[in-house]
Structure formats: C-alpha cells, structure tokens
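**Student:** If you scroll down you'll find the structure; I have some questions about it.
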Amino acid sequence: MKKTLSALVISSLLFGANVHAAALNAAQEKEVRTLVRDTLINNPEILEEAIMALQTKKAQEQQTQFRKALESEHDALYNDASSPRIGAKDAKLVLVSFTDYNCPYCKRFDPLLEKITEQYPDVAVIIKPLPFKGESSAKASQAVLSVWKEDPKAFQALHQRLMQKKTMLDNASIEEAMKSTNTSNIKITDDSLKALQNNLELSRKLGIQGTPATVVGDTILPGAVDYSQLEVIIKEQLAKVKK
Numbered sequence: 128m129k130k131t132l133s134a135l136v137i138s139s140l141l142f143g144a145n146v147h148a149a150a151l152n153a154a155q156e157k158e159v160r161t162l163v164r165d166t167l168i169n170n171p172e173i174l175e176e177a178i179m180a181l182q183t184k185k186a187q188e189q190q191t192q193f194r195k196a197l198e199s200e201h202d203a204l205y206n207d208a209s210s211p212r213i214g215a216k217d218a219k220l221v222l223v224s225f226t227d228y229n230c231p232y233c234k235r236f237d238p239l240l241e242k243i244t245e246q247y248p249d250v251a252v253i254i255k256p257l258p259f260k261g262e263s264s265a266k267a268s269q270a271v272l273s274v275w276k277e278d279p280k281a282f283q284a285l286h287q288r289l290m291q292k293k294t295m296l297d298n299a300s301i302e303e304a305m306k307s308t309n310t311s312n313i314k315i316t317d318d319s320l321k322a323l324q325n326n327l328e329l330s331r332k333l334g335i336q337g338t339p340a341t342v343v344g345d346t347i348l349p350g351a352v353d354y355s356q357l358e359v360i361i362k363e364q365l366a367k368v369k370k
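Each number in the working numbering corresponds to the 1-based position in the sequence shown with 127 added.
As structure tokens, then:
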C-alpha cells in the first residue's frame, strides 16, 4: 500500500498532475514525503520506470509535432527555390537535409547523401543549412545560398569544399573555399540571410534541435548513420512512394 501510494505521488509530480498541498495538513505532508523517500530508497526502479515513461511521452509528442509540421510546412520543405538541391528533378523520393558546415557529424554524413543520389536516380536531396555552430556556420551557409541563387551549377563544388574542411571554418577558410571553386565573385546577399532565417524557423517547427537531421519520406532521421543503414531506410521509403 505504501509503495502504491508513493508511486502515485511520484507519478503526479513527474507528469504534472495538480497536487494541492492545501489538502494536506503538516503531519500528512510529512508522512507523504517519508513514504516517497522510503519507497525510492527501497525501490529505485520506480524512478527509472517513471523517467522512461516520461521520455516515451516526450518522444511521442515530438513525433506528433513532426507529423503535423510535415503536412503544414510541405511547401517550405520541398518547394523553396532558395534551397539547394542535388539529384534528379523528377525524383520520386526527395530527402531534406538540415546540416551545419561546422558540424563534424554532418561532414561525415553528407558524402553518403550524395552517394545515395548517384546510386538511386529516383532520390534527390534538398539542402537546408543551419547556423547552429555559430557565426562562421552562418557565413558559410549564406555563401552557399548566395551561390545557389546566382549560379546553381557552382553550388555543389562549394558545398563539398566547405564540408571537406575538418576543423571549424573561419572567414579565411570560407573565402579560400570560394576562391578555389571560382565563386568568390558572387556577393553574399540579404536574400541568403532571409533564407537562413526561414531554415531556422522551419527546423523549430519540425522539432529539430541538432544536426544532421534528415527528413526521409514520412520520418526524420536524427543524427548520422552509416551507408548500409541509410540504404535500408531509402529502400523502405522508395517502396512506399512507388506503390
């Protein structure tokens, strides 16, 4: 009985139920605190189970948020002309890659996305750069977005060059990347800043908190995976869209 009562109290505290302290007198409140403490000490698995339940609840809420945003933000995801794209124009499956040019995991994962578009002609990738890693991420993103707008054919070379930089970017390395890809004549525009802000807002609506994050069909892939894992996901999603 004591364990059950304490578990109920703990659950109420963890999951935000209204506990009215005014309904308990001082002696009763002390007894409840003692029950909670004793139960946690003697049965610590209760707290572990409650934390797991809370994590499951949050994951479900995030998935619900993602699915709603996937529908309401369809045009922003797939039809935004300011976002770079690689792969076939008529691809049956279009991935949306939220990435950061200073993210080490993005640098390892990005070549796999390009490889997928090469090996699967029915797959394309839209690039949505984010400035999560600071000022140089923002500048690199704006450079790429500006090049995409002015000379789309030159985009991929600059994108690859920035991703190949193993350490954090700075003004000098961004300028060098543009120089080596013959894009230094393209000026960074205010439009690129607006596009970057739109990417940030879109990532917020989708519940994205880190990079890489890749929208694949009706699901989102958080973080980086190896090529074999990515290929399995791609095949599953291609099977859905080809039905």
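Glycine included, every Cβ here is placed at the ideal spot set by N, Cα and C.
In this text the structure is predicted, and so the values were computed from the model without any measurement.
Distance, Cα to Cα, residue 207 vs residue 323?
**Tutor:** Going from the Cα of residue 207 to the Cα of residue 323 covers about 12 Å.
**Student:** Where are the beta strand (DSSP E) runs, 3 residues long or more, that stay fully inside the region 219–281, in chain order?
**Tutor:** Segments of the beta strand (DSSP E) lying fully in the region 219–281: 220–226 and 250–256.
**Student:** Which value, in whole angstroms, describes the spacing of the CA atoms of residue 266 and residue 312?
**Tutor:** Cα to Cα, the separation comes out at about 16 Å.
**Student:** For residue 352, does the three-state DSSP call read helix, strand or coil?
**Tutor:** Of the three classes helix, strand and coil, the one that applies to residue 352 here is coil, per DSSP.
**Student:** Measure the alpha-carbon distance for residue 277 versus residue 284 and round it to whole angstroms.
**Tutor:** Approximately 14 Å, taken between the alpha carbons.
**Student:** For the candidate residues 179, 327 and 333, whose alpha-carbon lies nearest to that of residue 264?
**Tutor:** Taking only the C-alpha atoms, the option nearest residue 264 is 327.
**Student:** Among the residues of its own chain, which have a CB less than 6 Å from the CB of residue 197, if the five just before and after it don't count?
**Tutor:** Excluding positions up to five away in sequence, the list is empty.
**Student:** Please work out which residues of its chain come closer than 6 Å, Cβ to Cβ, to residue 248, disregarding the five sequence neighbours upstream and downstream, and give them in chain order.
**Tutor:** Within the same chain, residue 248 has close Cβ partners 215.
**Student:** Since residue 282 and residue 211 are thought to touch, with beta carbons under 8 Å apart, how far apart are those beta carbons, to the nearest angstrom?
**Tutor:** Between residue 211 and residue 282 the Cβ distance is about 5 Å, and since that is below 8 Å, they are a contact.
**Student:** Suppose you measure from the CA of residue 157 to the CA of residue 167; what does that come to, to the nearest Å?
**Tutor:** Approximately 16 Å between the Cα atoms of the pair.
**Student:** With the cut-off set at 8 Å, would you say residue 257 and residue 199 are in Cβ contact?
**Tutor:** No, these two residues do not count as a Cβ contact at 8 Å.
**Student:** Is it right to say residue 339 is buried, meaning 16 or more other beta carbons lie within 10 angstroms of its own, or is it exposed?
**Tutor:** Its Cβ being crowded by 16 or more others within 10 Å, residue 339 is buried.
**Student:** Just how far apart, CA to CA, sit residue 217 and residue 251?
**Tutor:** Those two C-alpha atoms are separated by around 8 Å.
**Student:** Which whole-angstrom value describes the C-beta separation of residue 269 and residue 315, a residue pair presumed to lie in contact below a C-beta threshold of 8 Å?
**Tutor:** That pair is a contact at about 5 Å.
**Student:** Can you tell which of 182, 367, 293 and 299 has the C-alpha that lies nearest to the C-alpha of residue 229?
**Tutor:** The candidate whose alpha carbon is nearest that of residue 229 is 293.
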